[in-house]
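Numbering (this note's numbering), first residue to last: 204 to 671.
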Ligand code: ADP
Ligand code: GLC
C-alpha cells in the first residue's frame, strides 16, 4: 500500500469554491482500488469542523503562527481526513479566502503557511505512527510545505508532488514576512521562492517538489510559454523534465446523470426553464455555471449573445464573482430569453447541467475545466475555447468531425467574441438538425470522463517517486 498525504485548501463535498475541491474530493476514492491510500489535510473551517466528530488528535502545536493548533483525524463519508483545527486561522464566517469586504484575508500567507507547516510536520515526523510515502501539495495554499519539509526534515525520505490547478493564483507575500512565516533566508533568491522581491508560495512548491503536475496535458505545454505561464514559465521551463499534465476526471458516483439517454433530458429541461423563468423555445437552451472572472471569458459571451438570441437560442447562467460582470449579466437578463442567477448554488448548478442543451465555457485560459466534462456526461454539448483542458476533452464539430460522426462539442478559435458568436450561430443550426445533434449527444455521453485513466497516471507517478 502506498501512503499519500494530500494537502488542499478545499475538498468537496465539505468545502468548495471551484474545481480544486472536486478534484481533491474525488482523488482518494479513485486511487483506492489501485492500492493507494490518500489522507487529506484540510483547514478546519467552520463547515469542516462541523463534520469532524469522533476525531482523534494526531498532532499539536502551542503556537502555529499566532495561536494553538492541532490536527484531528476523522472520516467524512469515504474521505480519510486530517483536519487542522486552528481557530485563530480558520474559524471565520463567509467565503474561505475572502474577508467580509470581499478582499483576501490579510493574513492568508500565515493561514496557509499554517496548513503547509502542519503538512510538513506530519510528513516529516509522522502522526501517531503514520507517515506518508508521498506529500502531494495542491496549488499555492500548500506550496510552502515542500520548503518546510526539506528545510526542517532534510533526512525524510518522502517524495513531493506539487500540482498546479491554476498558475494565476501564486500566493504572494511581502518579503518582510519571511521570518514571521518561518522560512529560510536561503530560499529568498530567484532560484528559490523569491518572485520579483516577494515570497511566492506557488514558486516555493515548484522549485522544491520532486515532480510537478498540472491538470491537463495541453496546459502543461501552455505553462511553458510567457503567454500562459504568468511569470512562472521560466521556472517551469527549467524544470520541464519534472512537469507533466494529468487530466482531471469526474467522480461518476457523484455526477451520474439522472437519465441514461439524451432524450431523458426533456423533463429536466422543462423543470429548468420553469425554475429560471424562461419561456418555451425552438432553439437550444445554453447554460453556464462559472466563476465570473476574467479567466472565464464571459465578457466575450456578453458580446456574442446577440448571435445566440438571433438564432432562437436561450441562455441560463449561474455564477458569481466580479461586480461589473454580475451587473452586466443582470442587465442582459432583461431579455426574455436570458435568465441569470447570481450566487453559488450546488443544487441549481446540477439542474443547469442536466437540463441544458449546451454548456458554454469560453475561457481565455483553462487548466482543465470540469463543467465541460459534466456537460459531456449529461449530453449537454460543450462549446469551449481551444485552450488547456478544454482542448483536451472536446472533439470538435468541424466538417470532418461531423462527417466521421465523432464530434462531441464545438471549439471556439481564436478566443474572440466574433469566433464565439459564430460558434453560437452554429450551435443553433446544429440543434435544428435533430439527427446530427442526437449523434453528438450520444458521442458525448459515451466519452469516458471518469477518473480511471488519470488515477493510473497518478499511481504510476507516486510509485516511481516512492521507489526511486
Ligand atoms: P474553476 O475551478 O476554475 O472555477 P472548474 O470548471 O474546474 O473551474 O470547476 C468549477 C466547479 O465549481 C464546478 O464543479 C462547477 O460546477 C462549480 N461552480 C462554479 N460556479 C458555481 C456556482 N455559481 N454555483 C455552483 N457551482 C459552481
Ligand atoms: C482550477 C482551474 C480549473 C481546473 C480546477 C481543478 O480552478 O481553473 O481549470 O479544472 O482547478 O483542477
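Virtual Cβ for every residue (Gly too), placed ideally from N, Cα, C.
Keep in mind that this is a model prediction, so the values were computed, not measured.
Short Cβ contact (7 angstroms threshold) for residue i with residue j
i	j	result
residue 460	residue 581	yes
residue 600	residue 579	no
residue 450	residue 439	no
residue 620	residue 507	yes
residue 560	residue 488	yes
residue 525	residue 490	no
residue 351	residue 318	no
residue 558	residue 631	no
residue 346	residue 374	yes
residue 286	residue 301	no
Simplified DSSP state of residue i, which is helix, strand or coil
i	result
residue 670	helix
residue 564	strand
residue 618	coil
residue 157	A question about residue 157 goes unanswered here, because the residues of the chain that appear run from 204 up to 671.
residue 490	strand
residue 502	helix
residue 652	coil
residue 624	helix
residue 360	coil
residue 278	strand
residue 248	coil
residue 641	helix
residue 589	coil
residue 204	coil
residue 483	coil
residue 379	helix
residue 538	coil
residue 659	helix
Residue i burial status per 10 Å Cβ neighbour count (16 or more: buried)
i	result
residue 425	buried
residue 382	exposed
residue 266	exposed
residue 667	exposed
residue 399	exposed
residue 674	The structure shown does not extend to residue 674, since the chain spans only 204 to 671, so no value can be given for it.
residue 670	exposed
residue 543	buried
residue 585	buried
residue 243	buried
residue 608	exposed
residue 464	exposed
residue 572	buried
residue 324	buried
residue 533	exposed
residue 644	buried
residue 376	buried
residue 637	exposed
Cβ neighbours of residue i in the same chain (closer than 6 angstroms, five flanking residues each side left out)
i	result
residue 367	417
residue 349	363, 408, 411, 412
residue 421	591, 594, 595
residue 271	265
residue 273	260, 263, 288
residue 623	503, 507, 565, 615
residue 429	436
Through-space distance from residue j to residue i, alpha-carbon basis
i	j	result
residue 253	residue 618	43 angstroms
residue 448	residue 657	10 angstroms
residue 555	residue 342	28 angstroms
residue 423	residue 595	11 angstroms
residue 503	residue 298	27 angstroms
residue 354	residue 386	9 angstroms
residue 437	residue 431	11 angstroms
residue 523	residue 492	9 angstroms
residue 218	residue 327	27 angstroms
residue 598	residue 292	45 angstroms
residue 568	residue 314	28 angstroms
residue 238	residue 442	29 angstroms
residue 540	residue 509	11 angstroms
residue 204	residue 344	27 angstroms
residue 294	residue 250	9 angstroms
residue 494	residue 606	35 angstroms
residue 246	residue 213	8 angstroms
residue 360	residue 570	30 angstroms
Close Cβ partners of residue i (< 7 angstroms) along its chain, the five nearest in sequence each way excluded
i	result
residue 371	433, 498
residue 380	312, 402
residue 653	452, 453, 455
residue 444	none
residue 414	364, 445, 664, 668
residue 194	Beyond the ends of the chain as shown, which are 204 and 671, falls residue 194; an answer cannot be given.
residue 577	453, 458, 556
residue 642	608
residue 279	217, 254
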